[in-house]
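Student:
Numbering (the UniProt record's numbering), first residue to last: 1 to 106.
1. Kindly give me the distance between the Cβ atoms of residue 79 and residue 11, rounded to whole angstroms, as I take these residues to be in contact under 8 angstroms.
2. Whose C-beta lies closer than 8 angstroms to the C-beta of residue 107 among residues of the same chain, with five residues either side of it excluded?
3. Could you check where the alpha helix (DSSP H) with residue 77 kicks off and where it finishes?
4. Identify whether residue 5 lies in helix, strand or coil by the three-state DSSP scheme.
5. Locate the alpha helix (DSSP H) running through residue 48, then write down its first and last residues.
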């Protein structure tokens, strides 16, 4: 496995961790554990930052002048899909938690 493939798999892993934490946070809302839900959302955000850092390095490598540009293949597209989905899930779940908190007067 190349270093590039390892980076891309790292992006997939971080995005998956973010999405899992966000959905775990939503489950906490069912039992009224809003503080725990917010903590899990912060963990999701931290995992998103890790994925974003990898994505930024890949974009910079693609834009570089040297000949060491990453190949855009199915694995890269898959990683980008995971990352974008995790961001959407986290943002949507955070807003759902805000709505539930407001309805309960928290």
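For glycine and all other residues, C-beta sits at the position ideal for the given N, C-alpha and C. Only a predicted model underlies this, so the values are computations on that prediction, with no experimental measurement involved.
Tutor: To lay it out plainly:
1. 4 angstroms
2. Nothing can be reported for residue 107: it is not among the residues displayed for the chain, which extend from 1 to 106.
3. 74 to 104
4. helix
5. 34 to 63
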